[in-house]
Structures are given as structure tokens and as C-alpha cells.
Amino acid sequence: MRILRAAVARHGLAVATSAAILGAAILHLGCWLWIGLDRDDAGHLESTFVLPVARQVRDGFGVLYGPYSGANPLVMIHAPLYYRLAALSAYLVMALRLDAESAALVVGRLLSLLATLGLFAMADRLACLDGAPRRAGLWAAALIAASPVLGCLAVMVRPDTLGTFLQTAGALLTLRALRDGACTARRLAVAYLAFGLALCVKQHDGVVLAVTSLILLGAYLAGQARFGPVAMAHFVGLGVVGLYYGAEHLLTDGLTSRTVFVLPSGAFRTINRGAWPHVLEVGQMIARKSLGLIALGAACGALALMRGTLRRLDALLLAYLVAEVASLVPLCYYNSGAADNYALQAIVFASVLIGRALERLFSGEARVLHLLPVGAAALLLLAADSRQVGRLVSHRRADRAAVGALLAAPEVAGCPAEERYFTVDQRLNRLHGRRDLVHDEMLYTAYELADAAEPRARWLRAVLLRSVRQVIVPDDAPTVPGVAETLPELGYARTGQHGEYRVWERRRNMLTAGVR
207 MRILRAAVAR
217 HGLAVATSAA
227 ILGAAILHLG
237 CWLWIGLDRD
247 DAGHLESTFV
257 LPVARQVRDG
267 FGVLYGPYSG
277 ANPLVMIHAP
287 LYYRLAALSA
297 YLVMALRLDA
307 ESAALVVGRL
317 LSLLATLGLF
327 AMADRLACLD
337 GAPRRAGLWA
347 AALIAASPVL
357 GCLAVMVRPD
367 TLGTFLQTAG
377 ALLTLRALRD
387 GACTARRLAV
397 AYLAFGLALC
407 VKQHDGVVLA
417 VTSLILLGAY
427 LAGQARFGPV
437 AMAHFVGLGV
447 VGLYYGAEHL
457 LTDGLTSRTV
467 FVLPSGAFRT
477 INRGAWPHVL
487 EVGQMIARKS
497 LGLIALGAAC
507 GALALMRGTL
517 RRLDALLLAY
527 LVAEVASLVP
537 LCYYNSGAAD
547 NYALQAIVFA
557 SVLIGRALER
567 LFSGEARVLH
577 LLPVGAAALL
587 LLAADSRQVG
597 RLVSHRRADR
607 AAVGALLAAP
617 EVAGCPAEER
627 YFTVDQRLNR
637 LHGRRDLVHD
647 EMLYTAYELA
657 DAAEPRARWL
667 RAVLLRSVRQ
677 VIVPDDAPTV
687 PGVAETLPEL
697 GYARTGQHGE
707 YRVWERRRNM
717 LTAGVR
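Residue numbering for the sequence shown follows my numbering, starting at 207 and increasing by one per position.
Put into C-alpha cells, the structure is as follows:
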């Protein structure tokens with residue numbers, strides 16, 4: 207009878223844990239799917255990724271990487287493949303009578319969403335690779351969906367989810383070949399094709415590739431894989447990267463190579479260096495967003511160590527996870543623009559490990575008392591996600607109300623959008639202002655310092671003096687990033703304040719007044 211009661215209690219706790227994890231996943235992913243239907247930016251600086259896709263549709267593929275100037279201020283640093291796929295798809299979607307910008311927004315978000323769904327499928331299969339029950343895979347996918355690190359990336363015009371999907375697919379295909387004892391050239395080549403494409407989506411997506419190559423080296427030394435197929439797989443992966451980037455180099459007259467490789471590994475390492483404070487800041491950001499997942503992982507990990515239930519696949523997944531976490535240090539140290547999106551691949555491997563651990567714990571003979579911390583951690587995950595979603599919805603509603611009040615103000619409503627410029631918050635230029643002036647202000651500054659873009663002191667200043675009549679800034683500073691003079695020095699006077707926004711109007715044409 208005691209054994210029966212324990213089994214019933216264990217089953218009830220498993221159901222409660224599953225409900226908490228699934229509830230967090232549905233709540234979190236559902237919120238972002240709802241946001242993805244909005245024309246407003248789904249995430250930070252999405253407008254600066256949407257408009258380069260639309261520009262390719264209008265002006266051709268050669269303009270993606272510059273030259274950057276007032277005629278094309280949409281500076282980029284990402285690898286090209288995602289943006290090429292989005293532009294091609296947008297061109298086809300325009301047959302539905304959508305304009306280039308709307309088509310770019312729709313297909314870019316859809317591409318990220320499809321990659322996210324593919325990522326869930328890869329995580330599901332990876333969790334069950336050694337014969338673990340299907341529930342392990344479902345838990346793994348749900349934990350990824352519940353992660354705030356995934357968040358906006360699931361529906362945002364950005365390459366992150368596509369790169370992560372391809373890396374995870376490459377790891378899955380390689381580990382499956384090793385499991386089957388069939389490391390043939392064809393199977394490994396397909397895996398390394400995925401790795402090569404991942405590098406064409408995001409140029410730093412090579413950590414999983416490196417760990418996989420070390421695993422294959424170990425398999426070769428142990429006699430589990432032959433040298434020929436392993437070498438052929440690397441040849442295919444590197445060949446894809448070389449051929450693709452070679453074609454891009456020719457298409458853009460070398461601008462792709464400069465943007466994707468030369469500047470990030472050269473001048474930008476000094477200009478954008480974040481150093482240790484930024485590493486700590488990003489680490490804290492990831493930890494805050496992943497509090498529930500960390501608690502769940504700690505509870506499952508402690509019990510797994512106590513029970514000695516770790517398997518070979520768990521050790522390999524742990525190696526991937528450790529490598530991904532370690533790679534965050536140099537990525538954040540040398541890039542002050544790095545954020546928690548860099549941790550997405552680590553979240554995937556952590557979720558797969560936790561999903562597998564949950565399955566073993568609840569299907570075994572673990573004492574109910576030992577499982578209570580696991581259930582509590584799952585509830586913490588649900589509570590943290592609920593709080594995050596609540597804050598997100600409240601923030602977007604407040605932002606929409608603030609922008610609506612600003613646009614309804616008489617002095618703003620009376621100014622045409624083509625004569626209005628917003629500083630800092632570039633999405634507002636895409637939605638309500640000069641969309642031709644949209645640019646990533648921080649990244650453009652880096653390009654200016656590297657002497658790789660026309661200075662805004664030349665082109666943006668000229669626009670402010672000539673064709674822009676109204677400048678809206680989000681604080682009291684009367685400045686425009688990239689322009690040395692203050693707004694009063696450029697002939698602007700402050701005419702109002704609406705919430706956090708300050709409105710400045712140009713009172714006279716400073717060019718005719720002699721300002722050059």
C-alpha cells in the first residue's frame with residue numbers, strides 16, 4: 207500500500223510539474239505570437255533589420271552591405287543568408303499586393319517562427335535520441351518555448367532562431383550517426399552542411415560545430431568512425447561556407463567580407479569592446495531571465511547526481527552546454543552590443559538535459575520528498591514567466607498609449623511624417639516619421655569611428671537643416687546622436703513635452719541663414 211501511495215503521489219507531482227512547464231510555454235509563446243501580429247517592432251531595433259530586407263527587394267541584393275551613407279544608413283553586422291532568404295521570400299509575397307516593407311516584416315517574422323518550430327522538433331528528437339521516452343522531448347521543447355531568452359526571437363526579423371535550428375540539427379544528425387554506428391560520408395556531410403549554413407546565417411555560430419568535430423575526433427581515435435567520411439564532412443561544411451561567402455564577396459564588391467569578418471575582428475573589437483563589466487551585465491541579464499530554468503536544472507541535476515542516472519548522451523549534451531556558456535565570455539567582452547540572445551543555443555542544450563532528467567526522475571523510484579524541489583522549481587518557472595508576460599503586456603500598452611498621446615498632440619499632428627525625425631527609438635521613424643533615416647545609432651557610430659560610413663555630421667545634419675521640421679527626443683538632452691551641434695544651435699526650439707517625449711520645431715532654415 208505504501209508503494210502504491212508513493213506511485214500515486216509521484217504521478218500527481220509529475221502531472222503538476224508538466225502542467226506548470228506546459229502552462230509557462232503556452233503563456234510565454236502565446237504572448238509573443240500575439241505580439242508578432244503587430245506592425246510595431248517585436249524586439250529591440252527590429253526596424254533596422256526589416257528595412258534592409260525591404261531595400262533589397264526594391265534596389266537589388268548588392269545594397270545590403272553598403273556603401274553606408276545618407277542614401278543607405280542601414281548598417282549591418284550580421285551574416286547575409288537569413289536576409290537573402292527573407293528578401294527572396296518578400297519578393298514572392300509582394301504578388302499579394304503588399305508593399306516591400308510589409309512583405310519584409312511578414313516573411314522575416316514567419317521565417318523566424320518556422321525556424322523556432324523546427325528548433326522545437328530538433329530538441330524533441332535530441333532528447334529522445336538514446337531511446338528515452340517521448341515525454342523527455344516534449345518537456346525539452348516546452349522548456350525552450352517557456353524561456354524568455356527565446357522571447358521575441360521567435361517572431362522577430364532576426365537570424366538567431368534560424369542559426370540555432372541549423373546548429374542543433376547538425377549536432378542531432380551527427381550524434382544519430384554515431385548512435386547507429388553508421389558514420390557514413392553521406393550522413394555526416396548532411397550534418398556538416400547544416401553547420402556550414404549556420405555559419406552563413408550568423409558568422410559566430412561555430413561553437414556546436416567545434417564541439418561536434420572534437421566528438422568525431424574521439425570517435426575516430428576509438429575506432430567508431432573512419433577518417434574518410436569525417437574529412438569529407440568537414441570538406442562539405444567548409445566548402446559551403448567558402449563558396450557562399452565567395453559569391454557574396456563578388457556580389458557586393460568585397461563589402462560582405464568587410465562587414466561580416468574584417469570589421470568585427472578588427473576595428474570593432476576595440477571600438478565596441480564591452481570588457482568585463484559588460485560580460486557581468488549580460489550574465490546577470492541571462493540569469494534573471496532564466497531563473498526558473500536554472501532552479502529546475504539545479505534540482506534535477508542534484509537528484510541525478512545522487513541517483514547516478516547520467517548517461518553518455520547527457521555527458522555529450524553537457525559538453526555542448528559548457529562550451530556555449532564559455533563562448534559567451536569573449537562574445538560579450540569584445541562586443542558591447544552583445545545581449546542575452548547569444549545564450550539561445552545554451553538554453554536549447556540546457557532544456558534538453560533538463561527534459562531528459564525530468565523523465566528519468568518521474569519514471570523511476572525517486573522518493574516523493576526528493577521530487578518536491580523539482581515541482582517547486584517548475585512552479586517558480588511558471589510564476590517567473592507569468593510575471594514577465596504581465597510586465598511585457600503592460601509595457602507595450604503603456605508605450606502605445608504614450609505614443610498615441612504624442613501623435614495626437616496638435617503640434618505633432620500638424621507635422622507631416624516625412625518632416626518628423628525621432629532620435630534613439632528608431633522604430634518610430636519607420637512607423638511615424640522619416641523611415642529613410644532609420645539606422646542603428648550605436649552601430650553607425652562604430653562604422654563612423656572605423657571610417658567605414660559617411661559621417662552623420664554630414665548627411666543627417668544637412669537633413670535636419672533642410673527637410674526635417676520636427677525632432678522628437680526621449681529626454682531633456684537637446685541633441686541628435688551623430689550631430690555635434692545642439693538642436694537650438696541648429697535652429698530648433700522646444701515646443702512641448704508629452705510624457706517622456708520632448709518636441710523640437712525648426713524655426714528657420716539655417717542653410718539660408720548661413721549655417722553650413
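Note that the Cβ used here is the ideal one computed from N, Cα and C, for glycine as well.
- Linking M282 to I500 through their CA atoms gives a straight-line distance of about 33 angstroms.
- Closest in C-alpha terms to S471, from the list R672, S557, Q409, comes Q409.
- DSSP places H704 within a strand segment (E or B) once states are collapsed to three.
- Beta bridge pairing from DSSP links W710 with V677, R700.
- By the CB criterion at 8 angstroms, V407 and L287 fall inside the cutoff.
- L311 and F255 have their C-alpha atoms spaced approximately 9 angstroms apart.
- Between A296 and A260, the beta carbon gap of about 7 angstroms places them in contact (Cβ cut-off 8 angstroms).
- The residues I492, K495, S496, D546, N547, A549, L550, I553, in chain order, have a CB closer than 8 angstroms to that of V355 in the same chain once the five nearest residues on each side in sequence are set aside.
- Residue burial is scored here from C-beta neighbours: L456 has fewer than 16 other C-beta atoms within 10 angstroms and is therefore classed as exposed.
- Bridge partners of Y274 according to DSSP: A659.
- Annotated three-state conformation of Y653 is helix, per DSSP.
- Q676 has its alpha-carbon roughly 22 angstroms from the corresponding atom of S275.
- Taking the Cα of S600 as reference, the smallest distance to any Cα among L228, A230, S224, C237 is reached at C237.
- The residues D591, S592, V595, in chain order, have a CB closer than 7 angstroms to that of L233 in the same chain once the five nearest residues on each side in sequence are set aside.
- Exclusion of the five residues before and after E307 leaves A260 as the residues of its chain whose Cβ lies within less than 6 angstroms of its Cβ.
- Remark: three or more beta-carbon pairs, one from each stretch, lie closer than 8 angstroms, so the region 500–514 and the region 579–588 are flagged as touching.
- DSSP, read as helix, strand or coil, puts Y288 in helix.
- The alpha-carbon of Y650 is positioned some 11 angstroms away from that of V644.
- Residue ranges of uninterrupted alpha helix (DSSP H) with 4 or more members, entirely inside the region 393–433 and ordered along the chain, are 413–427.
- In the structure shown, R364 falls within a coil segment according to DSSP collapsed to helix, strand and coil.
- Taking 8 angstroms as the cut-off, the Cβ atoms of T374 and A431 do not count as close.
- Contact between A293 and L587 is absent: CB atoms are separated by about 38 angstroms, not below the 8 angstroms threshold.
- Look at R245 here: in three-state DSSP terms it is coil, with no helix or strand label.
- In this structure, the CA atom of G543 is about 44 angstroms from the CA atom of S569.
- In this structure, the beta-carbon distance from L696 to L670 falls below 8 angstroms.
- Under the three-state reduction of DSSP, Y627 is assigned to strand.
- When C-beta atoms of the region 442–456 are compared with those of the region 382–402, three or more pairs fall below 8 angstroms, so the two segments count as touching.
- Annotation for H638: the continuous alpha helix (DSSP H) segment containing it runs 633–638.
- A Cβ-Cβ distance of about 23 angstroms is found for the pair V488 and L523, leaving them out of contact under the 8 angstroms criterion.
- Secondary structure of H645 (DSSP, three-state): coil.
- C-alpha of E706 to C-alpha of A510: approximately 51 angstroms in a straight line.
- With a 10 Å radius around the Cβ and a threshold of 16 neighbouring Cβ atoms, G314 comes out buried.
- By the C-beta criterion, the region 370–390 is judged to be in contact with the region 410–430, since at least 3 inter-stretch pairs fall below 8 angstroms.
- Here DSSP, grouped into helix, strand and coil, assigns V313 to helix.
- Check the Cα spacing between H484 and each of L461, A473, P536: the tightest is with P536.
- By the neighbour-count criterion, in which a residue is buried when 16 or more other Cβ atoms sit within 10 angstroms of its Cβ, W710 is buried.
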